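J.: There's a structure below that I have some questions on.
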Amino acid sequence: MSKILVLAGDGIGPEIVRQAVKILDQLKLQGCHLELETANLGGVAYDQEGSPFPETTRKLAEQADAILLGAVGGPQYDDVERHLRPEQGLLDIRGHLNLFANLRPALLYEDLAEASSLKPELVAGLDLLIVRELVGGIYFGQPRAKEIKDGRRWGYNTMVYNEDEIRRIAHVAFAAAAKREGRLCSVDKANVLEVSLLWREIMEEVKTDYPTVELSHMYVDNAAMQLIRAPKQFDVMVTSNLFGDILSDAAAMLTGSIGMLPSASLNEDNLGMYEPIHGSAPDIAGKGIANPLATILSVAMMLRYSLSLEVEAKQVEEAVMQALTAGARTADIAKAGETIMSTDEMGDAVLRAMRTV
Ligand code: IPM
Ligand code: MG
Numbered sequence: 004m005s006k007i008l009v010l011a012g013d014g015i016g017p018e019i020v021r022q023a024v025k026i027l028d029q030l031k032l033q034g035c036h037l038e039l040e041t042a043n044l045g046g047v048a049y050d051q052e053g054s055p056f057p058e059t060t061r062k063l064a065e066q067a068d069a070i071l072l073g074a075v076g077g078p079q080y081d082d083v084e085r086h087l088r089p090e091q092g093l094l095d096i097r098g099h100l101n102l103f104a105n106l107r108p109a110l111l112y113e114d115l116a117e118a119s120s121l122k123p124e125l126v127a128g129l130d131l132l133i134v135r136e137l138v139g140g141i142y143f144g145q146p147r148a149k150e151i152k153d154g155r156r157w158g159y160n161t162m163v164y165n166e167d168e169i170r171r172i173a174h175v176a177f178a179a180a181a182k183r184e185g186r187l188c189s190v191d192k193a194n195v196l197e198v199s200l201l202w203r204e205i206m207e208e209v210k211t212d213y214p215t216v217e218l219s220h221m222y223v224d225n226a227a228m229q230l231i232r233a234p235k236q237f238d239v240m241v242t243s244n245l246f247g248d249i250l251s252d253a254a255a256m257l258t259g260s261i262g263m264l265p266s267a268s269l270n271e272d273n274l275g276m277y278e279p280i281h282g283s284a285p286d287i288a289g290k291g292i293a294n295p296l297a298t299i300l301s302v303a304m305m306l307r308y309s310l311s312l313e314v315e316a317k318q319v320e321e322a323v324m325q326a327l328t329a330g331a332r333t334a335d336i337a338k339a340g341e342t343i344m345s346t347d348e349m350g351d352a353v354l355r356a357m358r359t360v
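First residue of the sequence shown: 4, per the working numbering; consecutive thereafter.
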């Protein structure tokens, strides 16, 4: 029996997670031994339990085989102290479970080429994987503070990595590239930052373990430009926490909508948390118009990476593809004139496809 902890979170989180749970329930009907539990994370956890990552959630997370997360955050928490903010709950659970390897695949579904903000020929066939370091770098580095010193206000953070942290994410990225087209682009800012010089050095060292992988390096500003200019040049990109956060949003848009991109965050034991890369979208929360596909595709990643259910993972991906081919569209991916589905209808469209693939 695999235990899945479901953390719906805030904003559109509950709506999109509900669709993903339909898929998990279908898999149970098909004979998968899955046990679902729920807990709070983010703003809802702060509201109900006084902490964005409460003890109850921590215990359940430690016992789970995999975690499914919707999204966290909302404007009502803007004035809450930083250590109690919803985002801190997300960073805390990532840190607590040591989920250092964040995989963010950007895949263009043929039927959505027109939804991309780039010309269809630039994105047709796009299939890239961003490997983002997730529990280090400037997000976690010390010292950090917003304080008053010498009568002035200061704010600072520290971008710091040690060689072990770089080496373990390098191995994940090289191994992923070896299974794909064998091209790995490491993104840094080595023309300015010492932390990037070390990053580059370690990438070169780890390369010797992966003779079939071709390693290149790119500065992050250029990488942002290249993603928009010619995204198909990339196979796998590996980068630090902050750069990966930014580049993965850009990559998401190439695929038509940020509502399409799933992610997996793994630790050394393949325990994983699975979440769409988009946020809680408070502006559309509760309207039933959010795209649940990134969350459903996150379930597919969970089946593959944490539960060793490859056949079922493919079934979910295939069902999403079929639903799209049959014309299922939420507002974010619809062209003018196309019929728009609600969040719930999209979930049902994938569910129906699941039963036929
Ligand atoms: C993401 C998000 C988070 C991050 C936020 C919500 C803390 O943007 O998962 O990309 O910055 O990592
Ligand atoms: Mg982000």
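From the three backbone atoms N, C-alpha and C, an ideal C-beta is built for every residue, glycine too.
Predicted model only: the values in this text are computed from it and were never measured.
For the segment 316-326 against the segment 41-50, are there 3 or more C-beta pairs whose distance is under 8 angstroms?
T.: No, because fewer than three Cβ pairs between the segment 316-326 and the segment 41-50 fall closer than 8 angstroms, the two stretches do not touch.
J.: First and last residue of the alpha helix (DSSP H) that includes Ile19?
T.: 16-32 is the span of the alpha helix (DSSP H), which, as asked, contains Ile19.
J.: Would you be able to state if there are at least three C-beta pairs under 8 angstroms between the segment 13-27 and the segment 280-291?
T.: Output reads yes: the segment 13-27 touches the segment 280-291.
J.: Taking 6 angstroms as the limit between beta carbons, can you name the residues of its chain near Glu184, skipping five residues before and five after?
T.: Taken in chain order, the residues that qualify are Asp238.
J.: Answer with buried or exposed for Ser309, where buried requires no fewer than 16 other C-beta atoms within 10 angstroms of its C-beta.
T.: The residue in question, Ser309, is buried, as its Cβ has 16 or more Cβ neighbours within 10 Å.
J.: For Ile7, which of helix, strand or coil comes out of DSSP?
T.: Here Ile7 sits in strand by DSSP.
J.: For Gly92, which of Gly76, Gly291, Leu230, Leu187 has the nearest alpha-carbon?
T.: Among Gly76, Gly291, Leu230, Leu187, the Cα nearest to that of Gly92 is on Gly76.
J.: State yes or no: is the C-beta of Ile151 nearer than 7 angstroms to some heavy atom of the ligand MG?
T.: Because no heavy atom of the ligand MG lies under 7 angstroms away, the Cβ of Ile151 does not count as near it: no.
J.: May I ask you to report which of helix, strand or coil DSSP gives His220?
T.: Three-state DSSP puts His220 in a strand.
J.: Which residue marks the beginning of the alpha helix (DSSP H) containing Ile172, and which one marks its end?
T.: Residues 166-182.
J.: Taking Val1 as part of the beta strand (DSSP E), name the residues at either end of that continuous run.
T.: One cannot answer for residue 1 here, as it falls past the ends of the chain, which runs 4 to 360.
J.: Closer than 7 angstroms to a non-hydrogen atom of the ligand IPM - does that hold for the CB of Leu132?
T.: Not so, every heavy atom of the ligand IPM lies at least 7 angstroms from the Cβ.
J.: Between Ile151 and Gly73, which are expected to be in contact by the criterion C-beta below 8 angstroms, what is the C-beta distance as a whole number of angstroms?
T.: That belief does not hold up - the Cβ atoms of Ile151 and Gly73 are roughly 37 angstroms apart, past 8 angstroms.
J.: Based on DSSP bridge pairs, tell me the residues matched to Glu40.
T.: Answer is Leu8.
J.: Report yes if the CB atom of Leu110 is closer than 8 angstroms to the CB atom of Leu129, and no otherwise.
T.: Yes, these two residues count as a Cβ contact at 8 angstroms.
J.: Go ahead and pull the three-state DSSP assignment for Tyr159.
T.: Looking at Tyr159 - three-state DSSP - the assignment turns out to be strand.
J.: May I ask whether a heavy atom of the ligand MG can be found less than 7 angstroms away from the beta carbon of Asp248?
T.: Yes, since a heavy atom of the ligand MG falls inside the 7 angstroms radius drawn around the Cβ of Asp248.
J.: For Ser219, count neighbouring C-beta atoms within 10 Å of its own C-beta (all shown protein chains included) and say buried if the count is 16 or more, exposed if not.
T.: Under this definition Ser219 is an exposed residue.
J.: Any heavy atom of the ligand MG closer than 7 angstroms to the CB of Ile280?
T.: Result yes, Cβ under 7 angstroms from the ligand MG.
J.: Would you mind reading off the limits of the beta strand (DSSP E) that contains Ala309?
T.: It is Ser, not Ala, that sits at residue 309 in the sequence shown. Per DSSP, Ser309 belongs to no beta strand (DSSP E) and is neither H nor E.
J.: Once the 5 residues before and after Leu121 are set aside, which same chain residues still bring their CB inside 8 angstroms of it?
T.: Excluding sequence neighbours, Leu121 sits near Ile231, Pro234, Leu257.
J.: If you reduce the DSSP assignment to three classes, tell me which class Glu320 lands in.
T.: In the structure shown, Glu320 sits in a helix (DSSP, three-state: H, G or I).
J.: Once DSSP output is grouped into helix, strand and coil, what is the label at Met304?
T.: If DSSP states are grouped into helix, strand and coil, Met304 belongs with the helices.
J.: Who does Leu72 pair with in a DSSP beta bridge?
T.: Note: Leu72 sits in a beta bridge opposite Leu10.
J.: Any heavy atom of the ligand IPM closer than 7 angstroms to the Cβ of Leu102?
T.: No, the Cβ of Leu102 stays beyond 7 angstroms of every heavy atom of the ligand IPM.
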